[in-house]
Amino acid sequence: MSTDGIADQIDRKKRKLNDTNGDKSLRVAYYFSDVRAGESGFNEVQKQQARRSLQAWSDVANITFEEQASQADARLSLVNSTVPAVADAMFSSSWGLVRVNPNYSNSRTPKVNGFGRHTLTHEIGHALGAAHTGNYNGDGKSGPFTYKEHATYAQDSRAYSVMSYFEASHTHQDFKGKYASSPLMADIAWAQKVYGANHKTRNTDTTYGFNSNTLRDDLSLSSSRDDAVFCVWDGGGNDTLDFSGYGQNQVINLRAESFSDVGPMKGNVSIAKGVTVENAIGGSGSDVLIGNPADNRLTGGGGPDQMAGGAGRDTFAYADASDSTLYAPDRLIDFVSGEDKIDVSSLLRKHQINALTFVNKLTGKAGEAGVGYDPQKNESWLVMDVTGDGQIDFYLESLGQIRISDIAGNVPVSYRYV
1 MSTDGIADQI DRKKRKLNDT NGDKSLRVAY YFSDVRAGES GFNEVQKQQA RRSLQAWSDV
61 ANITFEEQAS QADARLSLVN STVPAVADAM FSSSWGLVRV NPNYSNSRTP KVNGFGRHTL
121 THEIGHALGA AHTGNYNGDG KSGPFTYKEH ATYAQDSRAY SVMSYFEASH THQDFKGKYA
181 SSPLMADIAW AQKVYGANHK TRNTDTTYGF NSNTLRDDLS LSSSRDDAVF CVWDGGGNDT
241 LDFSGYGQNQ VINLRAESFS DVGPMKGNVS IAKGVTVENA IGGSGSDVLI GNPADNRLTG
301 GGGPDQMAGG AGRDTFAYAD ASDSTLYAPD RLIDFVSGED KIDVSSLLRK HQINALTFVN
361 KLTGKAGEAG VGYDPQKNES WLVMDVTGDG QIDFYLESLG QIRISDIAGN VPVSYRYV
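Residue numbers (the UniProt record's numbering): 1 to 418.
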């Protein structure tokens with residue numbers, strides 16, 4: 001089923017909070033203080049995590065959440081209650097209630113990529129009008145529900161939607177026991193269908209993953225031990241998926257509505273429909289980087305990587321000679337001379353090379369380089385000696401011819417053939 005098709009499933013009950021003033025921007029006042037008999041207030045950890053789940057919905061749609069706002073289109077209360085088995089939500093066109101059972105540690109101390117935070121995002125989705133991705137409801141009286149018996153289409157899993165009951169493994173992803181903390185591909189499509197897209201979110205140059213500037217905990221990584229489970233919604237700018245801190249063999253796909261295998265997981269990072277991410281940075285493993293129709297900048301990092309830029313005028317960037325070597329070379333799958341570029345400027349700075357001399361034989365001078373091409377196989381290669389020992393320190397293979405004019409180094413270029 002398509003992304004829009006899953007969004008239609010989430011929207012099958014046709015529920016939404018009313019935009020009372022008709023300004024096409026929903027304003028919701030939320031409260032942690034509306035505690036009735038049999039209920040208790042959220043602790044500070046729950047409040048913090050709930051605010052982040054609310055922000056995640058606001059990031060993708062024209063919804064603004066304001067704590068204890070005096071004037072709003074709708075009202076939302078979040079409380080602890082032992083009535084639901086795990087958690088539940090109630091909905092009307094102007095009011096919503098989210099209840100979580102504090103008897104579970106996941107509910108008492110929710111955290112990023114944990115089931116407790118995932119549950120908050122799921123139940124807030126219900127309070128906004130979202131249905132489950134299938135015709136099931138775990139109210140504590142029915143069930144158990146299984147993918148085999150209750151999923152009516154293949155994509156009904158937590159890889160596509162936080163509103164699904166079924167693990168990502170059913171659709172061939174592997175989250176290693178982790179969960180998304182923010183809306184996923186189909187949730188974003190539903191929220192934007194019902195409330196409109198928030199194009200103000202991350203509409204400048206944004207980096208996701210390592211070196212992130214998103215200010216969102218689930219979109220940011222600081223250690224190889226951190227988990228990445230998210231779908232990218234981005235309002236514009238020149239954007240980057242940076243997974244440079246991982247050492248596993250990764251597949252990073254920049255196409256909209258695609259999944260990437262990031263870190264130790266499989267299919268754990270996706271890109272929402274209509275989103276363009278221009279750049280990708282791999283880690284130290286043997287990565288596969290796949291571009292999109294935009295002008296992409298692909299950086300494989302260490303290890304023997306394969307990179308395909310796709311349509312567009314793409315740049316393949318290198319920061320160190322060790323990123324592609326004679327015994328572990330990168331391979332460019334679809335290089336187009338005259339359109340694509342190989343940027344070695346950072347590599348040359350790293351090795352203090354101030355000029356490139358293209359030769360047909362290395363003579364032991366740092367900065368010597370050579371290109372070759374086999375027209376029968378349509379294969380090309382680029383070599384460099386950056387240490388001056390007459391050996392090949394950098395070696396890059398390409399399907400498609402590489403010409404000297406395709407190499408960007410920001411240094412003077414000369415030629416010496418013997």
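We treat Cβ as the ideally placed atom computed from N, Cα and C, and that holds for glycine.
- In this structure Gly370 touches Val359 by the C-beta definition: roughly 6 Å separates them, less than 8 Å.
- Collapsing the DSSP output to three states places Ser94 in coil.
- Contact between the region 100 to 115 and the region 46 to 53 is present: three or more C-beta pairs spanning the two stretches fall below 8 Å.
- Within the region 210 to 244, the complete beta strand (DSSP E) segments at least 3 residues long are 230 to 232, 240 to 242, listed from N- to C-terminus.
- Fewer than three beta-carbon pairs drawn from the region 220 to 238 and the region 32 to 42 are found closer than 8 Å, and the two stretches are therefore not classed as touching.
- Segment contact: the region 150 to 157 against the region 201 to 209, fewer than three CB-CB distances shorter than 8 Å; contact not assigned.
- Arg27 sits close to Ala69, with the two beta carbons spaced by under 8 Å.
- Per the C-alpha coordinates, the member of Ala355, Asp187, Ala321 positioned closest to Thr133 is Asp187.
- Secondary structure note for Lys341: its beta strand (DSSP E) is the uninterrupted segment 341 to 343.
- Looking at the backbone, the Cα of Glu66 and that of Arg349 are separated by about 49 Å.
- DSSP places Gly372 within a strand segment (E or B) once states are collapsed to three.
- Trp381 has Gly372, Glu397 as its beta-bridge partners, per DSSP.
- By the beta-carbon neighbour count (other beta carbons within 10 angstroms, threshold 16), Ile392 is buried.
- Contact between the region 227 to 244 and the region 78 to 98 is absent, with fewer than three C-beta pairs closer than 8 Å.
- The residue among Val383, Ile63, Asp343, Glu368 with its C-alpha nearest the C-alpha of Gln192 is Ile63.
- When the beta-carbon positions are compared, Ser380 and Ile402 come within less than 8 Å of each other.
- Bounds of the beta strand (DSSP E) holding Asp330 are 330 to 332.
- When the beta-carbon positions are compared, Gly291 and Gln250 stay at least 8 Å from each other.
- With a cutoff of 8 Å on beta-carbon distance, Thr3 and Met163 are scored as not near each other.
- Check the Cα spacing between Asn18 and each of Ser345, Asn198, Ala127, Ala7: the tightest is with Ala127.
- The three-state secondary structure of Glu44, taken from DSSP, is helix.
- Here the C-alpha atom of Val383 lies approximately 5 Å from the C-alpha atom of Tyr395.
- When DSSP states are grouped into helix, strand and coil, Phe115 belongs to the helix group.
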